[in-house]
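Participant: In order, the protein sequence lines correspond to chains A and B. Residues in the first sequence are numbered from 835 upward in steps of one, following my numbering. Residues in the second sequence are numbered from 2 upward in steps of one, following my numbering. Every residue, glycine too, gets a C-beta built ideally from N, C-alpha and C.
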Amino acid sequence: MRDPAKPPFLALRGVSKSFGHGAKRTEILRDVELEISEGELVAIVGFSGSGKTTLVSLIAGLLAPDGGTIALRGAPVRGPGPDRGVVFQSYALLPWLTVQGNVQLAVDAVHRDWPRARRRAEAMRFVELVGLAHAAAKRPSELSGGMRQRVAVARALAMDPEILLLDEPLGALDALTRATLQGEIERIWRAQRKTVVLVTNDVDEALVLADRIVPLKPGPGATLGPSFDVRLARPRDRAALNHDLTFKKLRNEVTSYLLELAARRTTGAPGGGPALPALEPLDLRRGAPRGAA
Amino acid sequence: MAAKQRVIRALELSGLELFVPVVKLVARDEPAEQLRALGFALGVPALALALFLGVWSGAASRIEASIGAVPGPSAVLEAARGLVADHVAERAKQRAFEERMAVAEAKAEAEGRPWKQRRYAGSPTYFDQIATSLKTVFAGFLLASLVAVPLGILCGTSATIYAAMNPLIQLFKPVSPLAWLPIVMILVSSLYTASDPLFPKSFVSSSITVALCSLWPTLVNTAVGVASIDKDHLNVARVLKLPWTTRIRRIVIPASLPYIFTGLRLSLGVGWMVLIAAEMLSQNPGLGKFVWDMFQNGSSDTLARILVAVFTIGLIGFALDRTMVALQRLVSHDAHA
Chain A
835 MRDPAKPPFL ALRGVSKSFG HGAKRTEILR DVELEISEGE LVAIVGFSGS
885 GKTTLVSLIA GLLAPDGGTI ALRGAPVRGP GPDRGVVFQS YALLPWLTVQ
935 GNVQLAVDAV HRDWPRARRR AEAMRFVELV GLAHAAAKRP SELSGGMRQR
985 VAVARALAMD PEILLLDEPL GALDALTRAT LQGEIERIWR AQRKTVVLVT
1035 NDVDEALVLA DRIVPLKPGP GATLGPSFDV RLARPRDRAA LNHDLTFKKL
1085 RNEVTSYLLE LAARRTTGAP GGGPALPALE PLDLRRGAPR GAA
Chain B
2 MAAKQRVIRA LELSGLELFV PVVKLVARDE PAEQLRALGF ALGVPALALA
52 LFLGVWSGAA SRIEASIGAV PGPSAVLEAA RGLVADHVAE RAKQRAFEER
102 MAVAEAKAEA EGRPWKQRRY AGSPTYFDQI ATSLKTVFAG FLLASLVAVP
152 LGILCGTSAT IYAAMNPLIQ LFKPVSPLAW LPIVMILVSS LYTASDPLFP
202 KSFVSSSITV ALCSLWPTLV NTAVGVASID KDHLNVARVL KLPWTTRIRR
252 IVIPASLPYI FTGLRLSLGV GWMVLIAAEM LSQNPGLGKF VWDMFQNGSS
302 DTLARILVAV FTIGLIGFAL DRTMVALQRL VSHDAHA
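#1: Classify ASN167 (chain B): buried if its beta carbon has 16 or more other beta carbons within 10 angstroms, exposed otherwise.
#2: Who are ILE1047 (chain A)'s beta bridge partners in DSSP?
#3: What do you reckon, are the CB atoms on LYS851 (chain A) and PRO914 (chain A) nearer than 8 angstroms?
#4: Select from the region 99 to 119 of chain B all residues with a C-beta closer than 9 angstroms to any C-beta belonging to chain A, and list them in chain order.
#5: Mapping DSSP to helix, strand and coil, what is ASP87 (chain B)?
#6: If we count the other Cβ atoms within 10 Å of its Cβ and call it buried at 16 or more, is PHE843 (chain A) buried or exposed?
#7: Suppose contacts are defined by Cβ-Cβ distances below 8 angstroms. Is VAL937 (chain A) in contact with ALA992 (chain A) by that definition?
#8: By Cβ distance below 8 angstroms, which residues in the same chain neighbour GLY848 (chain A) in space, the five residues on each side in sequence not counted?
#9: I'd like to confirm something about PRO175 (chain B): is its beta-carbon nearer than 7 angstroms to some heavy atom of the ligand MN, or not?
#10: Quick check on DSSP: helix, strand or coil for GLU1128 (chain A)?
#11: By a C-beta neighbour count over all protein chains shown, 10 Å radius and 16 as the cutoff for buried, is LYS174 (chain B) buried or exposed?
#12: Since I believe ALA228 (chain B) is in contact with GLY157 (chain B) (beta carbons under 8 angstroms), could you give me their beta-carbon distance rounded to a whole number of angstroms?
#13: Count the other CB atoms, across all protein chains shown, that sit within 10 Å of the CB of THR303 (chain B); report buried if there are 16 or more and exposed otherwise.
#14: Pull the bridge partners of SER850 (chain A) from the DSSP assignment, please.
#15: Spatial neighbours of GLY1 (chain B) within its chain, please: C-beta separation below 7 angstroms, excluding the five flanking residues on both sides.
#16: According to DSSP, is LEU1032 (chain A) part of a helix, a strand, or is it coil?
#17: Here's the rule: buried if 16 or more other CB atoms are within 10 angstroms of the residue's CB, otherwise exposed. What is PRO995 (chain A)?
#18: Starting from ASP947 (chain A), trace the beta strand (DSSP E) both ways and give me its first and last residue.
#19: When the Cα atoms are used, what is the spatial distance from VAL309 (chain B) to PRO46 (chain B)?
#20: In the structure shown, what three-state DSSP assignment does PRO218 (chain B) receive?
#21: Which class does SER894 (chain A) belong to by DSSP, given the choice of helix, strand or coil?
#22: What residues in the region 238 to 264 of chain B bring their beta carbon closer than 8 angstroms to a beta carbon of chain A?
#23: Assuming contact is defined by CB atoms lying nearer than 8 angstroms, are VAL275 (chain B) and SER215 (chain B) in contact in what I supplied?
#24: Measuring CA to CA, which of A:ASN1035, A:VAL1064 and A:ALA940 is closest to ALA1006 (chain A)?
#25: Taking the alpha-carbon positions, what's the ARG251 (chain B) to ARG959 (chain A) distance?
#26: Please look up how many angstroms separate the CB atoms of ALA990 (chain A) and GLY919 (chain A), rounded, as I've assumed it's under 8 angstroms.
#27: Three-state secondary structure (DSSP) at MET325 (chain B)?
#28: Does the region 219 to 227 of chain B come into contact with the region 246 to 263 of chain B, if we say contact requires no fewer than three beta-carbon pairs (one atom in each stretch) closer than 8 angstroms?
#29: Tell me whether the region 1020 to 1028 of chain A and the region 968 to 980 of chain A touch, counting them as touching only if at least three CB pairs, one residue from each stretch, are closer than 8 angstroms.
#30: For GLY1105 (chain A), which of helix, strand or coil comes out of DSSP?
#31: Please classify LYS886 (chain A) as buried or exposed, where buried requires at least 16 other C-beta atoms within 10 Å of its C-beta.
#32: Determine the DSSP secondary structure at ASP865 (chain A), reduced to helix, strand or coil.
#33: Return no unless some Cβ of chain B is closer than 8 angstroms to the Cβ of GLY1107 (chain A).
#34: Cα separation between SER882 (chain A) and VAL964 (chain A)?
#35: I need the DSSP call for THR860 (chain A), collapsed to helix, strand or coil.
#36: Among the candidates B:GLU106, B:ILE131, B:THR126 and B:ALA111, whose CA atom is the shortest distance from the CA of ARG119 (chain B)?
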């Protein structure tokens, strides 16, 4: 599909990252290879503590890799920039600014040459896009978790990024809000057609949203596993998906893959490292639906 | 009901939560509960105050100082009334003088004689002294804040600058105003040599002394506040590639404002305490000089008048603190609900 002479949209080559020095040095990521095409929504799925946030921070440029290169449209990433909009796991909304103010900050930073009125209208456009027009003058502390998450998405989109990085964007929300917001994110993604990297620990969320799922093997020294293409028609209806055979099959494949990795680690096979808490893989292998599905 | 909520919010902001039960009582909101709350919030302090006045008055009548009896509460109240009467009388004299001068000036003008304007040369009243003290403390406080906040932001943003500043802060923080004052006075009198100075020298040296002593809490608090800003908030600034000035203005200062105001509040408290000592020594007209003058006077109402000054200093200090608390609550975004 891609012209082989043209560099990939986003490319990670042999990326590794460690924290600490000497004996306390922990290798988080090792030899991470990833290529993402323009307009693709890729989900990186992994266990908690497997280095997902580190991976997002590296792509965002908030951290520098110890080895390897990260390139956007062939140009190496050096430091953060608004071309890679981040939705932080904690949302990182500024509590002293209103919803509009938080989005405005991004618009003002990116479109410095625009007249004031146009910048205001642009900010409001993104507040409306995430359905928060009625709460534009509220402060983050007056919002529910789901609403805060929407503000974070609106702010990231307002940066007019080439690529949107979502770091466990729905991790702090209850199951019902999660399901609603997954629908929202899919709707916004279809409308904006941005390239998106979604990091999550929820296989179902990845299946509902992504074009492709890339598992992150558990750290330390985590690498990416083989991709799973998600060939499901859009828009995806969560309720209908639960009876979709492709969906069920794919979910089994991805879950089994991840659980196998975990099982190998707990038995001390290649990879080593500290044991994970006991999981119950048997029920899941039979394909029983998971709690919030 | 909305009005009630607004009044309660205003009281909480101004640090007068004490009166929240009164508002609720007026609104007939669980009257029994409110009366109990009120009884506790007002009754206990009132009782303590009454006890204090009783002990004071009992002790005062038993102690005889070299210049007369130690004044009890009533003598102090009497002295306060005397100070107010002095003020009123002095103002009346000044008005009379100005009226006479106006008449004389009109007459001179009518007769074509040259006229030289003369100023009233009365001594400052107790209230003039209070006004001078407040001006001096605010001048010093302003000076301290202008230095401490930017320096604190620098210390908070750079670990290197903080490491460089830390020994100096630790060294100078505990120094008494009485040690600074002579240095400041000598420097002011040798460097501040305008023939027609905008401010009197005594005012400048007391203000600078106040600033030198009240600088530290704001400096340290600002540094701590800036250093403890949420990493993610700074990452937002990095992702947006905000220029340095925008980052300081829109992220760093708003985020650390609660800390900065805590520092300012402590600084103002220190400044007010230091001021009295500085005024005493520098002979800057103000409450400190008033206390010193009374002490030098040695008249029968010396002690009573000094005690009036003590209560005045206490009440003004309390009022300044409450004002800062109200400002602090107004700017602290995390307290909003």
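Facilitator: In brief:
#1: The count along the second sequence starts at 1 and reaches residue 167 (chain B) at position 166. So ASN167 (chain B) ends up on the exposed side.
#2: Translated into the one-based positions of the first sequence, residue 1047 (chain A) becomes position 213. Paired residues: A:ALA877 and A:PHE1062.
#3: The residue labelled residue 851 (chain A) in the question sits at position 17 within the first sequence. The residue labelled residue 914 (chain A) in the question sits at position 80 within the first sequence. Not closer than 8 angstroms, so no.
#4: none
#5: On the second sequence, position 86 is the one that residue 87 (chain B) refers to. If DSSP states are grouped into helix, strand and coil, ASP87 (chain B) belongs with the helices.
#6: In the first sequence, counting from the first residue as 1, residue 843 (chain A) sits at position 9. Buried, by the Cβ-count rule.
#7: Within the first sequence, the letter at position 103 stands for residue 937 (chain A). Within the first sequence, the letter at position 158 stands for residue 992 (chain A). A distance below 8 angstroms separates the beta carbons of VAL937 (chain A) and ALA992 (chain A).
#8: Translated into the one-based positions of the first sequence, residue 848 (chain A) becomes position 14. Same-chain partners within the cutoff: ASP865, VAL866, GLU867, GLY901, GLY902 and THR903.
#9: Absence of the ligand MN from the depicted structure is noted, as is the absence of any ligand whatsoever, leaving it without description.
#10: Because chain A in this structure spans residues 835 to 1127, residue 1128 (chain A) falls outside the shown range and cannot be described.
#11: Counting from 1 along the second sequence, the entry for residue 174 (chain B) is found at position 173. Counting Cβ neighbours within 10 Å, LYS174 (chain B) comes out exposed, since fewer than 16 surround it.
#12: As a first step, residue 157 (chain B) must be located in the second sequence, where it is residue number 156. As a first step, residue 228 (chain B) must be located in the second sequence, where it is residue number 227. The Cβ separation is near 4 angstroms, so the contact holds.
#13: In the second sequence, the residue the question calls residue 303 (chain B) occupies position 302. Residue environment: THR303 (chain B) is assigned as buried (16 or more neighbouring CB atoms within 10 Å of its CB, all protein chains considered).
#14: Against the first sequence, residue 850 (chain A) aligns to sequence position 16. Looking at the DSSP assignment, SER850 (chain A) forms a beta bridge with A:GLY901.
#15: What the structure shows of chain B is the stretch from 2 to 338, and residue 1 (chain B) is not part of that stretch, so it cannot be assessed.
#16: Within the first sequence, the letter at position 198 stands for residue 1032 (chain A). Of the three classes helix, strand and coil, the one that applies to LEU1032 (chain A) here is strand, per DSSP.
#17: Walking along the first sequence from the start, residue 995 (chain A) turns up at place 161. PRO995 (chain A) is buried by the Cβ-count criterion.
#18: Within the first sequence, residue 947 (chain A) is the residue found at index 113, counting from 1. Judged by DSSP secondary structure, ASP947 (chain A) falls outside any beta strand (DSSP E); it is assigned neither H nor E.
#19: For the purposes of this step, residue 309 (chain B) is identified with residue 308 of the second sequence, where counting begins at 1. For the purposes of this step, residue 46 (chain B) is identified with residue 45 of the second sequence, where counting begins at 1. Rounded to the nearest angstrom, the two C-alpha atoms are 21 angstroms apart.
#20: If you number the second sequence from 1, residue 218 (chain B) lands on position 217. Looking at PRO218 (chain B) - three-state DSSP - the assignment turns out to be helix.
#21: Residue 894 (chain A) sits at position 60 when you count from the first residue of the first sequence. Before going on, a small fix: residue 894 (chain A) reads as Ala here, not Ser. Reduced to three states, the DSSP call for ALA894 (chain A) is helix.
#22: ARG239, VAL240, LEU241, LYS242, LEU243, THR247, ARG251, ILE252, PRO255, ALA256 and LEU258
#23: Position 274 of the second sequence holds residue 275 (chain B). Position 214 of the second sequence holds residue 215 (chain B). For the pair VAL275 (chain B) and SER215 (chain B), the CB atoms are nearer than the 8 angstroms cut-off.
#24: As a working mapping, residue 1006 (chain A) is identified with position 172 in the first sequence. Here the closest residue by C-alpha is A:ASN1035.
#25: As a first step, residue 251 (chain B) is located in the second sequence; it is residue number 250 there, counting from the start. As a first step, residue 959 (chain A) is located in the first sequence; it is residue number 125 there, counting from the start. C-alpha separation (whole angstroms): 22 angstroms.
#26: Residue 990 (chain A) sits at position 156 when you count from the first residue of the first sequence. Residue 919 (chain A) sits at position 85 when you count from the first residue of the first sequence. At roughly 4 angstroms, the Cβ-Cβ gap stays under 8 angstroms, so ALA990 (chain A) and GLY919 (chain A) are in contact.
#27: Looking up residue 325 (chain B) in the second sequence gives position 324. MET325 (chain B): helix per DSSP, three-state reduction.
#28: yes
#29: no
#30: For the purposes of this step, residue 1105 (chain A) is taken as the residue at position 271 of the first sequence. Only weak support is given to the placement of GLY1105 (chain A): the predicted model assigns it a pLDDT of 46, under 50, and the value that follows is read from those uncertain coordinates. Looking at GLY1105 (chain A) - three-state DSSP - the assignment turns out to be coil, as it is neither helix nor strand.
#31: Residue mapping note: residue 886 (chain A) aligns to position 52 of the first sequence, counting from 1. Its Cβ being crowded by 16 or more others within 10 Å, LYS886 (chain A) is buried.
#32: Start at 1 with the first residue of the first sequence, and residue 865 (chain A) comes out as number 31. Strand.
#33: Position 273 of the first sequence, counting from 1, holds the residue named residue 1107 (chain A). The predicted model places GLY1107 (chain A) with a pLDDT of 49, which falls under 50 and marks its position as unreliable; any figure quoted below should be read in that light. By this cut-off, GLY1107 (chain A) is not an interface position.
#34: The count along the first sequence starts at 1 and reaches residue 882 (chain A) at position 48. The count along the first sequence starts at 1 and reaches residue 964 (chain A) at position 130. One C-alpha to the other measures close to 28 angstroms.
#35: Here residue 860 (chain A) refers to the residue found at position 26 when the first sequence is read from its first residue. Strand.
#36: Position 118 of the second sequence, counted from the first residue, corresponds to residue 119 (chain B). Checking every option, the nearest Cα to that of ARG119 (chain B) belongs to B:GLU106.
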